[in-house]
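Just below is one structure, and these are the notes that go with it.
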Ligand code: COA
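Residue numbers (the numbering used here): 1 to 255.
Shown next as structure tokens:
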């Protein structure tokens, strides 16, 4: 069905793998279209966790620079909005989304990873927003999601200089959750995905929403919203099971 990505679901865990290896998985228009379609599938199928992977030497080496040439500002704006929409849809998924980052994670690749909830990196990964070197700026959320994740100081350094950030620094600035050896990347991500897939899906979706929505609100409004979302969890069977399991000294079995 897809040419530039693969999409598979195993035991509630969907994996979207970028397979345009000859271009280091650069996001061309066709890949972005396929990605949008795959996200729609995730929404309609019984998926509990989504994982993104890149095949070959890269996670994603950015937007496809070949498609930048000879475009009008209007055409580029439409491209930017299209990729932004897909990344927004990833962020808005009601399930945990993990980026499994094996190699180059640049430009649009870093922007996609930042739209995910958790980022696990191999020690061979390389991060950056190198657009400034092309005389442009990040156009798929980078100027907005990066400072929200790592703060303005580091975001401005990364975006002004376009320098690569190695995995240790990515970990220290909070851009990734964990760095593991390349051999351990798949198993680490699988374990994490399975753990989340076994978790209470309603509470996970509510935690995600409370964090993502709350961070854009004033603190007082946000904690009010948190009280609403917290109380909503008490209407769900997962709470019944979680609390009963604790009191009965057994492991919770969420449906
Ligand atoms: N768009 C289109 N093609 C890309 C690409 C991108 N963002 N990134 C890599 N490629 C292509 C290269 O053109 C090359 O194709 P070719 O074999 O037909 O010449 C192929 O992928 C391999 O890349 P190459 O540059 O030869 O590998 P490298 O190991 O020497 O360098 C990078 C890897 C990632 C450092 C380098 O490719 C690069 O700087 N890419 C652009 C990153 C970028 O600016 N991203 C933001 C775009 S807005």
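Every residue, glycine too, gets a C-beta built ideally from N, C-alpha and C. As the structure is a computational prediction, the values presented were derived from the model and not from experiment.
- Setting aside the 5 residues that flank it on each side, residue 106 is surrounded in the same chain by 61, 62, 128 and 130, each with a C-beta closer than 6 Å to its C-beta; the list follows chain order.
- Note that the segment 188-205 touches the segment 111-122; at least 3 beta-carbon pairs, one per stretch, sit closer than 8 Å.
- At a cut-off of 7 Å, the beta-carbon of residue 168 does not count as near the ligand COA: no heavy atom of the ligand is closer than that.
- With a cutoff of 7 Å, residue 35 does not count as near the ligand COA, since its C-beta is closer than that to no heavy atom of the ligand.
- Inter-residue distance for residue 210 and residue 239 is about 17 Å (C-alpha atoms, whole angstroms).
- Of the heavy atoms belonging to the ligand COA, at least one sits nearer than 7 Å to the Cβ of residue 104.
- The beta carbons of residue 112 and residue 87 sit closer together than 8 Å.
- Between the alpha carbons of residue 35 and residue 253 lies a distance of about 33 Å.
- Three or more Cβ pairs closer than 8 Å define a contact, and the segment 35-48 meets that threshold against the segment 4-13.
- The residues 5, 7, 38 and 52, in chain order, have a CB closer than 6 Å to that of residue 16 in the same chain once the five nearest residues on each side in sequence are set aside.
- Of the residues assessed, residue 138 falls on the buried side of the cut-off, its CB having 16 or more other CB atoms within 10 angstroms.
- Within the segment 90-175, complete alpha helix (DSSP H) segments of at least 4 residues are found at 108-114, 142-150, 152-161 and 167-172, given in chain order.
- Looking at the DSSP output, residue 180 bridges to 122.
- Taking the C-beta atoms as reference points, residue 160 is found nearer than 8 Å to residue 132.
- Ranked by Cα distance from residue 22, the first of 64, 14, 42 and 45 is 64.
- Counting along the chain, the unbroken beta strand (DSSP E) around residue 53 starts and ends at 49-54.
- In the DSSP annotation of this structure, the continuous segment of the alpha helix (DSSP H) that includes residue 34 starts and ends at 29-44.
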